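Peer 1: Numbered by mature numbering (1 follows the signal peptide of the UniProt record, and there is no 0), the letters in the sequence shown go through residues -19 to -1, 1 to 196 in order. Where is the CB? At the ideal position from N, CA and C, for every residue including glycine. Here the structure is a predicted model, which means the values were calculated and not measured. Let me give you the structure first, and then I'll get to my questions.
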Amino acid sequence: MRGPSTFLLSWGLCFLASDNEFLPSHWRRSLYTRTPDEGLFSVALDEDCLVRMGSCHQVVCLLLATALCRANVIVSPKESRCFEGFFQIGESCFQDVVHRRLSWNAARRECQAIGGDLASPLNVLVLQDELQRRHGPEMTFWVGASDVAEEGVWRWVTGRPVDSDIWAFDQPNNCCGGEDCALIGTSWHPPLNDNRCTNPRNFVCEVRAIPPEFN
């Protein structure tokens, strides 16, 4: 974790200067005066001062200018709560397995063996975007949705119903019979398609992210 840093607010725009990079070390509290137009605050400082005019410039401190408000904040870079080889979305970690292809059931057993299950993302489009970023177009992966328990009733392995608006055009169509498992495609819009569960495919596992206190 880094910090403290300096957070600046001016005219509704935010600027961040890590570790006071361009602020004088002796920068002190300001004396504020209200201008008649629109109630904006102006400031007069009693030491070397900065004004932002496209970039930062030192000025005589008696010059009135729109105020920059200073406050110390802690800046935390986004820290992954996933083990190596996984990527985080929300409170879950995902592993995209592309080095070998398995049937849907075999892929599910692989995911369960590492303490998770086939992916059941809360936001399928976010997962699709990440898979496309990592692997490019024309890639497909098993995810944890099927209608094996009841034909035509699609559910994630978590028991949550599959939203009807995330299926690709004219899908699921149970083509030729027996397409009971769901694929996510990096080029399909929307991203899901049904497929025969015995076909070997890449797959995506999902496990819970590491709790912050243990990270």
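(1) How many whole angstroms separate the CB atoms of V107 and N183, which I take to be in contact at a CB cut-off of 8 Å?
(2) Using only CA atoms, which one of R90, R89, S84, I95 lies nearest to G66?
(3) Where do the N-terminal and C-terminal ends of the alpha helix (DSSP H) with N86 fall, by residue?
(4) What residue does the alpha helix (DSSP H) around Q109 start on, and which one ends it?
(5) Cα separation between W85 and I147?
(6) Please name the residue, chosen from R114, Q93, C157, H80, that lies closest to V138 on a Cα-to-Cα basis.
(7) Using 10 angstroms around the beta-carbon of C157, count the other beta-carbons present and answer buried if the total reaches 16, otherwise exposed.
(8) Hey, out of L103, R114, E160, whose CA is closest to P142's CA?
Peer 2: Reading it off the structure:
(1) Not confirmed; about 18 Å, so no contact.
(2) Measuring from the Cα of G66, the nearest candidate turns out to be I95.
(3) 85 to 94
(4) In the DSSP annotation of this structure, the continuous segment of the alpha helix (DSSP H) that includes Q109 starts and ends at 105 to 116.
(5) 19 Å
(6) The shortest C-alpha separation from V138 is found at Q93.
(7) exposed
(8) L103
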